[in-house]
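Novice: The structure's right below; bear with me while I get my questions together.
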Amino acid sequence: MTTFADPVPGGRPGDVERASALGGELSGRGVHGIVLSYVDTAGVGRVKTVPTAGLASAAAWGVGMSPVFDTFLANDHIVTTDTLGSPDGDLRLYPDLDGLVVLAGQPGWAWAPVDRVTQDGERHPGCSRTFLRRIVTDAAREHGLSFKAGIEIEWAVGLDSAPAGEFVPATTGPAYGATRQVELSEYTGDLMAACAAQGVQVDQIHPEYAPGQFEISVGALDPVAAADHSVLVRQTIRAVARRHGLRVSFSPAVAAEGVGNGGHVHLSVWRGGVNLFAGGERRHGLTADAEAFTAGVLARLPALTAVTAPSPASYLRLKPSQWAGVFTAWGLETREAAIRLVRGTAGRRSEQANLEVKPVDLAANPYLLLGCLIAAGLDGLAKAAVLPGETTGDPAHLGTDEARAREVRRLPASLTEALAEFRADELLRAALGPVLTDAVTAVRQGEIDAVYGLDDEQVAAAYRWAY
Ligand code: GLU
Ligand code: MG
36 MTTFADPVPG
46 GRPGDVERAS
56 ALGGELSGRG
66 VHGIVLSYVD
76 TAGVGRVKTV
86 PTAGLASAAA
96 WGVGMSPVFD
106 TFLANDHIVT
116 TDTLGSPDGD
126 LRLYPDLDGL
136 VVLAGQPGWA
146 WAPVDRVTQD
156 GERHPGCSRT
166 FLRRIVTDAA
176 REHGLSFKAG
186 IEIEWAVGLD
196 SAPAGEFVPA
206 TTGPAYGATR
216 QVELSEYTGD
226 LMAACAAQGV
236 QVDQIHPEYA
246 PGQFEISVGA
256 LDPVAAADHS
266 VLVRQTIRAV
276 ARRHGLRVSF
286 SPAVAAEGVG
296 NGGHVHLSVW
306 RGGVNLFAGG
316 ERRHGLTADA
326 EAFTAGVLAR
336 LPALTAVTAP
346 SPASYLRLKP
356 SQWAGVFTAW
366 GLETREAAIR
376 LVRGTAGRRS
386 EQANLEVKPV
396 DLAANPYLLL
406 GCLIAAGLDG
416 LAKAAVLPGE
426 TTGDPAHLGT
436 DEARAREVRR
446 LPASLTEALA
456 EFRADELLRA
466 ALGPVLTDAV
476 TAVRQGEIDA
486 VYGLDDEQVA
496 AAYRWAY
């Protein structure tokens, strides 16, 4: 559950009393500090922490932090624009008490996502979580729509004892193999227990394809909570790994070659408690609105790539025939199309049907990611867009005419190409507003410049431990 009202100086009604009581309860449980968590434009999780006794003050007045993080790069360099990246000014971080959890993997700590507010008590226009809350509340108010989202997490588990910077897989077993499950069963078992203690519903954990790779999927939630959980679960995966002498990488490409770490997004649209992806009269049970929403996302994928795959390392992963979905194609349960339509199991379709977006990785800021996907989908809905022809099999094998007939084209093959598409996309820029657009543009260009002249191996190494 997410608090959808904006933070206000002095606290939202009831917040300060609630935070005081909560602080007392947490202290009694041995929690001495609260991690205040947000994600920067480059996709790096950043934090401040306060003692538990400071929770009520944080709920009332926020905690100071510089706006300079709007233009931090993944390597901690700062880029500047006409208005961003200056050393001047300050913001307040307001914890969302509804998102606060005691961290099972870090005894003595609790965690809460924050919204960033100006010192005058206004929404900070560069706050990605505030952006997503606004997209979701506007869709509810203007269209009576709500959403359920889930972000899959793939990660590579390595030995903490490996030489600095290097990745040495912590398990040698085969892809999806029982051996891997056994070799890391203490770790993944502790991870499941930690998620359960934190109120995160785990649907599955399994050994994945790439060396040392695992995947976790969690229950679908409202988009803001889903983005919060994406951050929380990664914090937990990392913390539990440390306790087992392991080091984890969420980078899109732990190595330059081979299958990468994806962060596939599942998304469904609901009206009046009814899932628009099931029980409709269009193909595969889609309603006209769900088809239009899906077509809106599909049409805008080239520009969206600058948000869904924001790192130079993203383009080491985004290659054909590696399940990353690099063609603007859609299909029922097609794992090589950028959009896989998930119809669900007979008898459960009204709860399960959704669209899965594949060219997404975990360098993506999850708030910008979901906000931009929803904005693109809503544009399709407003235009009553229709889907082009469906793709079955791997779109990489389509002939030129077949590809053209289905409007199938290759997504950007570099961050430079993605940024050019993003710059030309007025709808996404308008949805983000000028400040976030400026931040995204400047940070992507900064990342492009940061890897100038590097080969693929060097790019993979540069981002291996950044996210
Ligand atoms: N690891 C693949 C990716 O880069 C996805 C594998 C899968 O389909 O789960 O997205
Ligand atoms: Mg997977």
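36 is the number of the first residue of the sequence shown in our numbering; add one for each residue after it.
Using N, Cα and C, we set each Cβ at its ideal position, and we do this for glycine too.
#1: Does the beta carbon of Val-294 fall short of 7 Å from some heavy atom of the ligand GLU?
#2: What residue from Pro-122, Ser-181 and Glu-292 has the CA that sits closest to Gly-308's CA?
#3: Any heavy atom of the ligand GTP closer than 7 Å to the Cβ of Lys-393?
#4: Looking at Ala-359 and the ligand GLU, is the gap between the Cβ and the nearest heavy atom below 7 Å?
#5: Quick one: any contact between the stretch 195-208 and the stretch 272-286, if contact means 3 or more CB pairs under 8 Å?
#6: The alpha helix (DSSP H) spanning Ala-262 covers which residue range?
#7: Check whether the Cβ of Gly-297 sits closer than 7 Å to any heavy atom of the ligand MG, and report yes or no.
#8: Would you list the one or two residues that DSSP bridges to Gly-80?
#9: What does the alpha-carbon distance come out to for the pair Val-171 and Pro-469?
#10: Determine the DSSP secondary structure at Trp-144, reduced to helix, strand or coil.
#11: Give the range of the beta strand (DSSP E) segment to which Trp-365 is assigned.
#12: What does a CB cutoff of less than 8 Å around Pro-142 pick up in its chain, not counting 5 residues either side in sequence?
#13: Following a CB-centred definition, is Asp-368 positioned closer than 7 Å to any heavy atom of the ligand MG?
#14: According to DSSP, is Tyr-129 helix, strand or coil?
#15: For Pro-148, collect the residues of the same chain with a Cβ closer than 6 Å to its Cβ; drop the 5 residues on either side in sequence, then sort them by chain order.
#16: By DSSP's criteria, Pro-242 is part of a beta bridge. Which residues make up the other side?
#17: Given the structure, does Glu-509 come close to the ligand GLU, in the sense that its CB is under 7 Å from one of the ligand's heavy atoms?
#18: With DSSP collapsed to three states, give me the class of Arg-378.
#19: Please name the residue in Val-475, Tyr-222, Gly-247 and Phe-166 whose C-alpha comes closest to that of Glu-456.
#20: With DSSP as the reference, identify every bridge partner of Ser-303, one or two as the case may be.
#21: Are the beta-carbon atoms of Gly-315 and Ala-399 separated by less than 8 Å?
#22: Does the ligand GLU have even one heavy atom less than 7 Å from the beta-carbon of Glu-243?
#23: Could you please give the first and the last residue of the uninterrupted alpha helix (DSSP H) stretch that includes Ser-533?
#24: List the whole-angstrom C-beta distance separating Ala-364 from Arg-378, where the pair is believed to meet the contact cut-off of C-beta under 8 Å.
#25: By the DSSP assignment, the alpha helix (DSSP H) with Val-475 in it spans what residues?
#26: Please confirm whether any heavy atom of the ligand MG lies closer than 7 Å to the CB of Thr-482.
#27: Quick check on DSSP: helix, strand or coil for Thr-343?
Specialist: Concretely, from the data shown:
#1: It does: the Cβ of Val-294 is within 7 Å (strictly closer) of some heavy atom of the ligand GLU.
#2: For Gly-308, the nearest C-alpha among the options comes from Ser-181.
#3: The ligand GTP is absent from the structure shown, which contains only the ligand GLU and the ligand MG.
#4: Yes.
#5: Short answer: they touch.
#6: For Ala-262, the enclosing alpha helix (DSSP H) covers residues 258-278.
#7: Distances taken from the Cβ of Gly-297 to the heavy atoms of the ligand MG include one shorter than 7 Å.
#8: Partner(s): Val-74.
#9: Approximately 19 Å, taken between the alpha carbons.
#10: Strand.
#11: First-last of the beta strand (DSSP E) with Trp-365: 365-367.
#12: Counting only Cβ-Cβ distances below 8 Å, and skipping sequence neighbours, we find Gly-65.
#13: Here residue 368 is Glu; the residue named in the question, Asp, does not match the sequence. Residue side-chain check: Glu-368 keeps its Cβ at 7 Å or more from all non-hydrogen atoms of the ligand MG.
#14: If DSSP states are grouped into helix, strand and coil, Tyr-129 belongs with the strands.
#15: Ser-72, Asp-131, Gly-134 and Asp-263.
#16: Its beta-bridge partners are Phe-249.
#17: Outside the shown range of the chain (36 to 502) lies residue 509, about which nothing can therefore be said.
#18: In this structure, DSSP gives Arg-378 a state outside helix and strand, which the three-state scheme calls coil.
#19: When the alpha-carbon of Glu-456 is set against those of Val-475, Tyr-222, Gly-247 and Phe-166, the nearest one is in Val-475.
#20: Per DSSP, Lys-183.
#21: Their beta carbons are not under 8 Å apart, which means Gly-315 does not touch Ala-399 by this criterion.
#22: Checking every heavy atom of the ligand GLU against the Cβ of Glu-243, one is found closer than 7 Å.
#23: It is not possible to answer for residue 533, since the shown part of the chain is limited to 36 through 502.
#24: With a Cβ gap of about 17 Å, Ala-364 and Arg-378 do not count as contacting.
#25: According to the DSSP assignment, Val-475 belongs to the alpha helix (DSSP H) that extends over 461-485.
#26: Before going further, note that residue 482 is Glu rather than Thr in the sequence given. Glu-482 Cβ: outside cutoff for every heavy atom of the ligand MG.
#27: It is helical.
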